[in-house]
Amino acid sequence: MGLSATGLGSGMDISSMVNKIVEAERAPKQERIVKGLNDVETNISAYGRLKTSLDTMKDMMYDFRRNNTFAARSSVSDNPETVSASADHQAVTGVYSIDVQQLAQSHKLVSDGLNPKAKFGEGQLVLSLGGRSATIDIEQSKSSLLDIVRTINSHPSNPGIKASVINDDSGARLILGGDKTGKGNQISVAVNAPLTSPLMAMEYKPGAEMNAMNEMQSAKDARIVIDGLATVSSGTNTFSDAIRGVEISVSQLTKAEDGPVTVTVDEDRDKVKASLEEFVDAYNAFYQVTKALAKYDPETQQGGPLVGDSVIRSAVSQMRSLFSTPIEGAPDSLKTLSELGIATTMDGRLEINYSMLDKQLTQNFSALEGFFGGNDGFARKVEETVKDFTGIGGAIRNRESTLGDRRMRLEDEQTKLDRRMEDLENRTLRQFSAMDNAMGEMQSQLAAMQNIMPA
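Start counting the sequence shown at 3; every next residue gets the next number (the numbering used here).
So, in structure tokens, the structure goes:
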């Protein structure tokens with residue numbers, strides 16, 4: 003309330019009277035707007051909960067399909083400290099023996115003993131590693147051994163060679179080490195300087211009979227023998243294509259007395275079971291949300307925010323229909339979710355028959371990908387069903403849009419009501435003030451007349 007006044011002429015509390023008149027006019031309209039806004043916010047929140055619970059199932063099925071979860075493979079090594087392995091959905095189940103004959107290592111060079119305080123002079127070092135190279139300029143003023151190490155390590159085009167210095171009885175030694183393993187990653191150092199330059203003490207050419215620097219560690223590939231027959235080499239200690247779908251990592255040589263390491267690749271039933279349990283939990287959480295939003299208590303005659311809403315009924319109905327509808331193109335042994343041991347209970351939840359599920363996972367694992375995967379599988383059907391509700395143009399999105407429009411209309415009504423009430427307040431206050439002034443003048447005139455009349 004912007005204005006206020008006290009009745010000086012009449013003695014009446016004008017502000018209080020104006021406030022009561024304005025509030026009497028505002029109250030029914032304000033109550034309707036507040037109730038409307040509260041209902042809108044409650045329904046928007048309710049649809050948000052419903053949308054989130056549906057999208058959880060959709061996103062889950064998308065991830066399962068993208069990651070080929072239902073064709074998952076497990077890999078177990080009987081000596082993981084020597085050989086470890088991981089398998090993807092393309093791996094063929096089987097048992098493989100792995101004999102590690104050689105580990106991959108990087109190339110390292112070491113110089114003869116050098117004077118750490120000497121200046122090595124101006125020139126260029128051309129460092130190469132595995133087909134990459136960089137020309138490094140050495141300035142006369144920055145040509146001590148430590149200066150050269152810093153220049154190599156900080157060069158923006160360094161091909162991956164780390165320089166360092168160690169000190170022993172013969173003096174300071176320059177160490178050059180490659181950052182990549184494998185025989186294809188040998189270090190070479192060409193020196194562009196006069197033959198008498200001290201920089202020539204850093205020259206190295208792989209395979210040359212005479213070199214200024216010495217090989218401290220040769221560049222080697224890792225080498226394994228699979229099942230006693232296939233010899234496979236790798237520039238790193240990881241083999242990605244030796245066995246289809248299996249990545250093998252080696253960390254130490256196998257010992258003759260221990261024999262090769264056994265790697266077993268099998269169907270990952272535990273992962274699939276956990277994924278199915280995750281989906282069942284997600285659906286049951288969705289179903290609980292629908293019950294909470296659509297509930298009605300006849301005793302209290304109170305209902306949830308979406309009681310009687312057709313969107314909830316339709317969402318539950320379509321999901322249940324999907325559970326019992328055969329998937330076209332799926333294997334004959336697994337066409338519905340119930341055949342996997344997952345069925346709807348009397349109270350509407352999903353429940354797992356673990357005896358049936360374990361039997362299917364043991365005897366019919368290969369059918370899972372055909373049922374869940376692909377563009378027409380169960381997982382994609384769940385995604386499409388949910389998208390019809392939560393996607394652009396979906397039923398829930400449309401309801402949210404309608405509610406958003408209603409909220410804007412109510413907010414506009416609130417703005418207009420505030421303006422009308424302000425105008426009413428000002429107009430009423432002016433009227434009461436005018437009346438009060440008139441009464442004041444009348445009282446003044448009456449007093450004057452009483453004063454001039456004889457006693």
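Yeah, the Cβ is synthetic: ideal placement off N, Cα and C, and Gly gets one too.
- In terms of CA proximity to Ile-16, Ala-436 leads the group Ala-436, Gln-32, Leu-448, Ile-46.
- Membership of Met-215 in any alpha helix (DSSP H) is not indicated, and neither H nor E is assigned to it by DSSP.
- By the neighbour-count definition (other C-beta atoms within 10 Å, threshold 16), Met-212 is an exposed residue.
- Under DSSP, Ile-46 forms no beta bridge with any residue.
- For Glu-371, the closest of Gly-350, Glu-341, Ala-332, Ile-394 by C-alpha to C-alpha distance is Ala-332.
- If only uninterrupted alpha helix (DSSP H) runs of at least 4 residues are considered, those enclosed by the segment 274-336 are 312-326.
- Between Glu-141 and the set Val-388, Asp-90, Asp-61, Gly-125, the nearest pair of CA atoms involves Gly-125.
- Counting the other CB atoms within 10 Å of its CB gives Arg-175 a total of 16 or more, which places it among the buried residues.
- Shown here, Glu-141 sits in coil according to DSSP, grouped into three states, outside any helix or strand.
- Short of 7 angstroms from the beta carbon of Thr-44, and not among the five residues preceding or following it, lie these beta carbons of its own chain, in chain order: Pro-307.
- DSSP, read as helix, strand or coil, puts Gln-188 in coil.
- The beta carbon of Phe-72 sits closer than 7 angstroms to the beta carbons of Phe-66, Val-274, Leu-370, Glu-371, Phe-374, Gly-375 from its chain, once the five residues preceding and following it are set aside; these are given in chain order.
- Proximity of the segment 399-417 to the segment 353-372 falls short of the contact definition, fewer than three beta-carbon pairs being nearer than 8 angstroms.
- For Thr-392, the enclosing alpha helix (DSSP H) covers residues 380-392.
- For the pair of segments examined, the segment 84-93 was found not to touch the segment 165-172: the number of CB pairs separated by less than 8 angstroms stays below three.
- DSSP assignment within the segment 65-131 yields the following whole beta strand (DSSP E) runs of 3 residues or more, N-terminal first: 75-79, 85-89, 96-104, 108-112, 125-131.
- Cβ-Cβ distances below 6 angstroms link Pro-328 to Lys-337, Thr-338 in the same chain, with the five nearest sequence neighbours on each side left out; the list follows chain order.
- Using a 10 angstroms sphere on the CB of Thr-392, the tally of other CB atoms reaches 16 or more, which defines it as buried.
- The three-state reading of DSSP puts Lys-418 in helix, counting H, G and I together.
- When the alpha-carbon of Val-94 is set against those of Ser-357, Gly-247, Gly-162, Ala-381, the nearest one is in Gly-247.
- Per DSSP, Phe-241 is not a residue of any alpha helix (DSSP H); the beta strand (DSSP E) it occupies stretches across 240-245.
- Judged by their CB atoms, Ile-35 and Leu-412 are nearer to each other than the 8 angstroms cut-off.
- The alpha-carbon separation between Gly-162 and Ser-190 amounts to approximately 12 angstroms.
- In this structure, the CA atom of Gly-395 is about 53 angstroms from the CA atom of Val-252.
- When rounded, the separation of the alpha-carbon atoms in Val-282 and Leu-105 is 46 angstroms.
- For a cut-off of 8 angstroms, the C-beta gap from Ser-99 to Asp-229 is around 5 angstroms, short enough to register as a contact.
- As DSSP reads the structure, Tyr-206 sits in a beta bridge with Val-191.
- For Glu-371, the enclosing alpha helix (DSSP H) begins and ends at 368-374.
- Glu-25 sits in a helix when the DSSP states are folded into three classes.
- Burial is judged here by how many other beta carbons sit within 10 angstroms of a residue's own beta carbon; Ile-398 has at least 16 and is buried.
- Residue burial is scored here from C-beta neighbours: Lys-257 has fewer than 16 other C-beta atoms within 10 angstroms and is therefore classed as exposed.
- At a Cβ-Cβ threshold of 8 angstroms, Thr-137 and Lys-144 do not count as neighbours.
- If you draw a 10 Å sphere on the C-beta of Ile-226, you find 16 or more other C-beta atoms in it, and that means buried.
- Taken atom to atom, the span from the alpha-carbon of Ser-335 to that of Asn-366 is near 8 angstroms.
- Distance from Leu-342 to Asn-286 at the Cβ level is roughly 16 angstroms; contact not present, criterion being Cβ atoms closer than 8 angstroms.
- By the criterion of a C-beta distance shorter than 7 angstroms, Tyr-206 is surrounded in its chain by Leu-111, Ile-189, Ser-190, Val-191, Asn-213, Ala-214, Met-215, once the five residues flanking it on both sides are discounted.
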